[in-house]
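*Asks:* One structure, as structure tokens, below. Some questions next.
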Amino acid sequence: MVSTANAFLRHQYGLPLIWLLPALFLSFGFGQLFKFSQRQGCYAPVVVSANYLTIALLLLGYHLATGQLQPAPQALEVGAFIGVTFIGAMLMMTRALELIAVGVVLTSFRLAILIPIWASVWLWGETLTPVQFGGIALSLVALVLMTRGDTQGQRLSPLHSLGLLSLIFVGQGIAFCGMRWVHYAGLDEHFLQVLLFITLTAGLLGGLFTWYQGRRPRRQDLVMGVGIGLYNLVTLSVNLIALSKAPGTLYFPLQGCAVVLLDNLFAQFWWKEPLSRPAMAGAALGVLAMLLVL
3 MVSTANAFLR HQYGLPLIWL LPALFLSFGF GQLFKFSQRQ GCYAPVVVSA
53 NYLTIALLLL GYHLATGQLQ PAPQALEVGA FIGVTFIGAM LMMTRALELI
103 AVGVVLTSFR LAILIPIWAS VWLWGETLTP VQFGGIALSL VALVLMTRGD
153 TQGQRLSPLH SLGLLSLIFV GQGIAFCGMR WVHYAGLDEH FLQVLLFITL
203 TAGLLGGLFT WYQGRRPRRQ DLVMGVGIGL YNLVTLSVNL IALSKAPGTL
253 YFPLQGCAVV LLDNLFAQFW WKEPLSRPAM AGAALGVLAM LLVL
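Quick note on my numbering: the sequence shown kicks off at 3 and runs consecutively.
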């Protein structure tokens with residue numbers, strides 16, 4: 003079955019599963035590591051910042067050692083832009099999780115895949131078949147169901163909640179578009195340089211935010227951030243490679259739906275968080291949606 007799917011994707015998109023599947027599973031793992039850090043009582047902005055700075059220092063050392071520090075055209079521009087959107091979206095999401103029901107925040111965060119799908123079609127000329135369009139629509143329904151949560155513990159008014167959720171949706175959507183921009187900027191061969199500027203920008207801005215908050219980093223926050231950074235270096239690299247080979251209209255709905263589906267299954271069987279009936283229905287729809295998108 004895997005070999006058949008691999009042959010189909012090669013024929014349709016020139017994309018072997020050797021890149022697509024690891025990209026999806028690594029993205030899922032990043033979310034689980036971040037959840038683990040929260041369970042350990044770590045302060046999210048410090049963990050996020052340390053994660054990015056770890057990647058930046060490793061990549062800086064690599065480029066210095068290999069004499070490749072001279073940036074390619076647009077690498078700094080594209081990397082800095084993505085870095086700003088990355089850290090902005092993450093900080094807004096972690097703040098919203100303190101003020102708004104978790105399910106609502108995650109729904110807004112995951113539905114941001116709509117923005118890069120739209121950009122892929124209208125800005126970069128990618129195409130959608132009617133079946134794929136139906137799969138994407140179904141995946142959005144599945145995402146809403148799988149991330150559906152109650153509204154208990156709301157600390158903001160409905161209007162303020164809507165404003166913050168809209169910022170998360172737009173911010174994360176722009177971050178996704180930035181990841182896709184790497185390919186259309188002709189930087190596929192220089193993705194490590196782009197990744198250096200992404201993580202350096204995000205790490206420095208995250209550090210400034212932590213300093214502004216007057217929060218002194220604890221050892222456990224830094225250790226967790228460094229560990230996640232080592233993992234995330236592989237995750238971001240594989241995702242950028244996958245995006246260099248796959249159309250955004252395929253990658254983003256698959257990534258969004260597959261990660262949330264795995265999140266729910268892992269919550270059920272590892273974190274012992276029982277799935278609600280809407281979440282189970284969403285999981286079933288998610289499987290169907292991924293088949294249609296493919």
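Just so you know, even glycine gets a beta-carbon here, dropped at the ideal spot from N, CA and C.
These numbers were taken from a predicted model, which means no experiment stands behind them.
1. Apply the 10 Å Cβ neighbour rule to Arg220 and answer buried if 16 or more other Cβ atoms are within range, or exposed otherwise.
2. Shortest alpha-carbon distance to Met92 belongs to which of Leu140, Val107, Phe38?
3. Measure the beta-carbon distance from Ile200 to Leu35 and round it to whole angstroms, keeping in mind my assumption that it falls under 8 Å.
4. Given this structure, state the Cα-to-Cα distance separating Cys179 from Phe88, to the nearest angstrom.
5. In the DSSP assignment, find the unbroken alpha helix (DSSP H) run with Trp124 in it and report its ends.
6. How many Å lie between Arg279 and Val123 at the Cα?
7. Distance check for Pro132 and Gly227, CA to CA, integer angstroms please.
8. Going by alpha carbons, who is nearest to Leu202 out of Leu23, Val80, Gly33?
9. For Phe268 versus Pro47, is the C-beta spacing smaller than 7 Å?
10. According to DSSP, is Pro75 part of a helix, a strand, or is it coil?
11. Tell me the rounded alpha-carbon separation between Leu242 and Asp190.
12. Where do the ends of the alpha helix (DSSP H) carrying Gly63 lie?
13. Rounded to the nearest angstrom, how far is the Cβ of Leu140 from that of Ala291, given a contact under 8 Å?
14. What distance in whole Å lies between the Cβ atoms of Gly85 and Ala204, which are believed to be in contact at a cut-off of 8 Å?
15. For Cys179, which of helix, strand or coil comes out of DSSP?
16. Quick one: measure Cβ to Cβ for Ile170 and Met95, integer angstroms, because I've assumed they're closer than 8 Å.
17. If we ignore side chains and look at the alpha-carbon of each, how far apart do Phe38 and Ala74 end up?
*Replies:* Taking the definition as stated:
1. Counting from one through the sequence shown, the residue named residue 220 turns up at place 218. The residue in question, Arg220, is exposed, as its Cβ has fewer than 16 Cβ neighbours within 10 Å.
2. Numbered from its first residue, the sequence shown carries residue 92 at position 90. Answer by Cα proximity: Val107.
3. By one-based count along the sequence shown, residue 200 stands at place 198. By one-based count along the sequence shown, residue 35 stands at place 33. No, Ile200 and Leu35 are not in contact; Cβ-Cβ is about 19 Å, not under 8 Å.
4. Here residue 179 is taken as the residue at index 177 of the sequence shown, counted from 1. Here residue 88 is taken as the residue at index 86 of the sequence shown, counted from 1. One C-alpha to the other measures close to 11 Å.
5. Numbered from its first residue, the sequence shown carries residue 124 at position 122. Its alpha helix (DSSP H) spans residues 116-124.
6. In the sequence shown, the residue the question calls residue 279 occupies position 277. In the sequence shown, the residue the question calls residue 123 occupies position 121. Cα to Cα, the separation comes out at about 34 Å.
7. For the purposes of this step, residue 227 is taken as the residue at position 225 of the sequence shown. For the purposes of this step, residue 132 is taken as the residue at position 130 of the sequence shown. The alpha-carbon atoms of Gly227 and Pro132 are separated by roughly 43 Å.
8. Counted from its first residue, the sequence shown places residue 202 at position 200. Sorting Leu23, Val80, Gly33 by C-alpha distance to the C-alpha of Leu202 places Val80 at the top.
9. What you label residue 268 is simply residue 266 of the sequence shown in a count that begins at 1. What you label residue 47 is simply residue 45 of the sequence shown in a count that begins at 1. Cβ atoms of Phe268 and Pro47: not closer than 7 Å.
10. Counting from 1 along the sequence shown, the entry for residue 75 is found at position 73. Three-state DSSP puts Pro75 in coil, outside helix and strand.
11. By 1-based counting over the sequence shown, the position of residue 242 is 240. By 1-based counting over the sequence shown, the position of residue 190 is 188. Computed Cα separation, rounded: 8 Å.
12. For the purposes of this step, residue 63 is taken as residue 61 along the sequence shown, with counting starting at 1. Per DSSP, Gly63 belongs to the alpha helix (DSSP H) from 46-68.
13. Position 138 of the sequence shown holds residue 140. Position 289 of the sequence shown holds residue 291. Right, their Cβ atoms sit about 4 Å apart.
14. The count along the sequence shown starts at 1 and reaches residue 204 at position 202. The count along the sequence shown starts at 1 and reaches residue 85 at position 83. Yes, Ala204 and Gly85 are in contact; Cβ-Cβ is about 4 Å, under 8 Å.
15. Taking the sequence shown and counting its residues from 1, the one referred to as residue 179 is at position 177. In the structure shown, Cys179 sits in a helix (DSSP, three-state: H, G or I).
16. Within the sequence shown, the letter at position 168 stands for residue 170. Within the sequence shown, the letter at position 93 stands for residue 95. Correct: roughly 6 Å between the Cβ atoms.
17. Indexing the sequence shown from 1 puts residue 38 at position 36. Indexing the sequence shown from 1 puts residue 74 at position 72. Taking the straight line joining both Cα atoms gives about 37 Å.
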